[in-house]
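Below is one structure, written out as structure tokens; the observations come after it.
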Amino acid sequence: MANTSTRTLRLLSLLQTHRYWQGSELAERLGVSVRTLRRDIDRLRELGYPVEAQRGADGGYQLAAGAALPPLVIDDEEAVALAVGLQTAVQGAVEGIAESSVRVLAKVVQVMPTRLRHRVEALRTMTVPAGWDGQAATSVDPDVLTTVALACRDHERLRFTYTPADGRRTDRHVEPHRLVRLGRRWYLVAYDLTRHDWRSFRVDRLTEPEGAGSRFRPRDLPAADAAAFVRAAMDNLPRSYRVEALVDAPAATVRQRIGQWCTVEEVDAERCRIRMVTQSLHWPAMALGMADAEFRILHPPELLDRIREWGARFQRA
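The end of the sequence shown is residue 317 by UniProt numbering, with every number in the run present.
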């Protein structure tokens with residue numbers, strides 16, 4: 001039988017993974033008697049965890065909402081996800097919580113095992129936030145993201161398979177430079193050793209990344225930083241639109257409403273300018289509607305035509 005402290009932490013972890021546990025099943029998982037389980041439950045209550053009990057032959061236990069937030073037990077993947085999520089908040093993705101996020105992040109990272117801190121630190125130091133987005137959300141494998149981040153940090157050459165928009169899979173051998181987060185997508189900026197030029201790769205289209213085992217001396221990036229390099233590459237994409245509009249609302253208000261999709265610049269106390277680069281005009285049309293204010297399209301004229309089409313369709317509805 002484990003000692004009392006270890007068993008109490010194990011009990012807390014189990015209660016957090018299931019909404020409800022039968023008492024007999026929970027005791028069996030812990031390798032203790034039902035009587036000992038009751039004492040452990042009482043110990044958790046003394047520590048401030050609100051554990052509810054249901055009596056009877058099929059009785060059991062579950063964690064309930066309390067008056068204060070007690071300490072939580074989380075696994076490795078949850079700890080990394082928590083730290084990365086807090087880093088996103090610290091970088092200004094959500095208004096008004098950056099300061100508290102810094103405090104929480106410091107507490108989490110301080111008590112992390114070295115192996116987890118290694119992963120989180122790689123993601124933090126090798127990521128450059130870009131601050132705008134015109135794309136739909138994409139799913140990225142956390143293991144892929146972490147492998148790429150570690151290669152960037154350690155200056156280790158990387159091999160992977162890449163599938164661009166045309167669907168043609170190619171094997172790539174690169175010198176990774178930085179990860180760039182553009183709103184809901186991640187990009188790898190790297191020097192392609194086969195094409196002898198700098199490239200940006202969408203991480204959700206990258207599979208089977210593996211360190212090549214050889215180190216390299218970092219090259220000079222032909223841009224102010226990795227985020228600027230990706231922006232420039234996006235600007236040169238075929239069918240990409242550079243959107244610009246004036247919105248009759250304070251910049252802080254517009255940034256809170258649609259800042260995750262565009263860059264918001266203050267013009268004066270009552271107006272702001274938004275900018276976005278996108279391959280689809282649906283996103284800026286929707287974003288401007290969600291700004292909930294009068295606006296004027298400056299560029300491109302195709303967006304004005306799209307909004308007129310939407311307006312006519314809404315009127316018919």
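Even glycine gets a Cβ: it sits at the ideal position worked out from N, Cα and C.
Contact check, P176 vs A151, beta carbons under 9 Å: As a first step, residue 176 is located in the sequence shown; it is residue number 176 there, counting from the start. As a first step, residue 151 is located in the sequence shown; it is residue number 151 there, counting from the start. Less than 9 Å separates the beta-carbon of P176 from that of A151.
Closest by C-alpha distance to A57, when choosing among R29, V80, S24 and E156: Residue numbering aside, residue 57 sits at position 57 when the sequence shown is read from its first letter. The candidate whose alpha carbon is nearest that of A57 is S24.
Reduced DSSP secondary structure (H/G/I, E/B, other) of L9: One-based indexing of the sequence shown puts residue 9 at position 9. Helix at L9.
Option in R178, H173, R29 and V203 with minimal Cα separation from T194: Residue mapping note: residue 194 aligns to position 194 of the sequence shown, counting from 1. Nearest of R178, H173, R29 and V203 to T194, Cα basis: H173.
E244 burial status per 10 Å Cβ neighbour count (16 or more: buried): Here residue 244 corresponds to residue number 244 of the sequence shown, with the count starting at 1. With 16 or more Cβ atoms within 10 Å of its Cβ, E244 is classed as buried.
Reduced DSSP secondary structure (H/G/I, E/B, other) of A53: Sequence index remark: in the sequence shown, residue 53 carries index 53 (1-based). Reduced to three states, the DSSP call for A53 is strand.
Closest Cα partner of T161 within the set R181, D154 and L206: Reading the sequence shown from its first residue, position 161 is the one you call residue 161. When each option's Cα is compared against that of T161, the closest is L206.
Own chain, CB closer than 8 Å to E210, minus 5 neighbours either side, in chain order: What you label residue 210 is simply residue 210 of the sequence shown in a count that begins at 1. By the criterion of a C-beta distance shorter than 8 Å, E210 is surrounded in its chain by T147, L158, R159 and F160, once the five residues flanking it on both sides are discounted.
Rounded separation between M234 and D204 - CA only: Along the sequence shown, read from residue 1 onward, the residue named residue 234 stands at position 234. Along the sequence shown, read from residue 1 onward, the residue named residue 204 stands at position 204. Going from the Cα of M234 to the Cα of D204 covers about 16 Å.
Distance, D141 Cα to F295 Cα: Your numbering for residue 295 matches position 295 in the sequence shown. Your numbering for residue 141 matches position 141 in the sequence shown. Rounded to the nearest angstrom, the gap between the Cα atoms of F295 and D141 is 38 Å.
Paired residues, beta bridge with M276 - DSSP: Residue 276 sits at position 276 when you count from the first residue of the sequence shown. According to DSSP, which records beta bridges pairwise, M276 is partnered with V243.
Continuous alpha helix (DSSP H) stretch holding T253: start and end: Position 253 of the sequence shown, counted from the first residue, corresponds to residue 253. Its alpha helix (DSSP H) spans residues A251 to I258.
Buried/exposed call for G259, threshold 16 Cβ in 10 Å: On the sequence shown, residue 259 is found 259 positions in, with the first residue counted as 1. Label assigned to G259: buried.
Beta bridge counterpart(s) of E265 as assigned by DSSP: For the purposes of this step, residue 265 is taken as the residue at position 265 of the sequence shown. Its beta-bridge partners are R273.
Same chain only: Cβ atoms within 7 Å of Y20, ignoring 5 sequence neighbours per side: Your numbering for residue 20 matches position 20 in the sequence shown. Only G60 and Q62 meet the Cβ criterion.
P50 versus W186 - alpha carbon distance: As a first step, residue 50 must be located in the sequence shown, where it is residue number 50. As a first step, residue 186 must be located in the sequence shown, where it is residue number 186. Distance between the alpha carbons of P50 and W186: 40 Å.
Through-space distance from M276 to P301, alpha-carbon basis: As a first step, residue 301 is located in the sequence shown; it is residue number 301 there, counting from the start. As a first step, residue 276 is located in the sequence shown; it is residue number 276 there, counting from the start. Straight-line Cα distance between these residues: approximately 14 Å.
For residue 323, the first and last residue of its enclosing beta strand (DSSP E): Past the boundaries of the shown model lies residue 323; the chain is included only from 1 to 317, so the question cannot be answered.
Residues sharing a beta bridge with Q315, DSSP: Here residue 315 refers to the residue found at position 315 of the sequence shown. The partner list for Q315 (beta bridge, DSSP) is empty, contrary to what the question assumes.
T170, buried or exposed, once every other Cβ within 10 Å from all chains shown has been counted against 16: Working through the sequence shown from its first residue, we reach residue 170 at position 170. Around the Cβ of T170, a 10 Å sphere holds fewer than 16 other Cβ atoms; the residue is exposed.
Close-in-space but distant-in-sequence residues of the same chain around L281 (CB under 7 Å, 5 per side omitted): Walking along the sequence shown from the start, residue 281 turns up at place 281. Excluding sequence neighbours, L281 sits near Y241, E302, L303 and R306.
Identity of the residue in F216, T8, E28 and L15 nearest R153 by Cα: Here the question's residue 153 lines up with position 153 in the sequence shown. Ranking the options by Cα distance to R153, first place goes to F216.
For D220 and L179, the rounded distance between their alpha carbons: Counting from one through the sequence shown, the residue named residue 179 turns up at place 179. Counting from one through the sequence shown, the residue named residue 220 turns up at place 220. Taking the straight line joining both Cα atoms gives about 16 Å.
Bounding residues of the beta strand (DSSP E) (the contiguous stretch that carries T36): Residue 36 sits at position 36 when you count from the first residue of the sequence shown. Not the beta strand (DSSP E): T36 falls in the alpha helix (DSSP H), residues V34 to E46.
Close-in-space but distant-in-sequence residues of the same chain around Y191 (CB under 8 Å, 5 per side omitted): In the sequence shown, the residue the question calls residue 191 occupies position 191. So the list reads V174, E175, H177, D197, W198, R199 and R219, once near-sequence residues are dropped.
Pair within 9 Å by beta-carbon distance, A249 and D292: The sequence position of residue 249 within the sequence shown is 249, counting from 1. The sequence position of residue 292 within the sequence shown is 292, counting from 1. With contacts defined by Cβ atoms closer than 9 Å, A249 and D292 form a contacting pair.
Span of the beta strand (DSSP E) around E25: Along the sequence shown, one-based indexing puts residue 25 at 25. Where E25 is concerned, there is no enclosing beta strand (DSSP E), although the alpha helix (DSSP H) it sits in stretches over G23 to L30.
Beta-carbon spacing of R257, E265 below 9 Å: In the sequence shown, counting from the first residue as 1, residue 257 sits at position 257. In the sequence shown, counting from the first residue as 1, residue 265 sits at position 265. Contact: no.
Limits of the beta strand (DSSP E) - the one that L188 falls within: Taking the sequence shown and counting its residues from 1, one reaches residue 188 at position 188. L188 -> beta strand (DSSP E) spans R185 to D192.
Cα-Cα separation, I297 to A285: Reading the sequence shown from its first residue, position 297 is the one you call residue 297. Reading the sequence shown from its first residue, position 285 is the one you call residue 285. Each residue's alpha carbon lies about 10 Å from the other.
Start and end residues, alpha helix (DSSP H) containing residue 399: A query on residue 399 cannot be resolved here, the shown segment of the chain reaching from 1 to 317 and no further.
A27 vs L12 beta-carbon contact at 9 Å: As a position in the sequence shown, residue 27 is number 27, starting the count at 1. As a position in the sequence shown, residue 12 is number 12, starting the count at 1. No. Outside cutoff.
Cross-strand partners of G211 (DSSP beta bridge): Here residue 211 corresponds to residue number 211 of the sequence shown, with the count starting at 1. Answer is L158.
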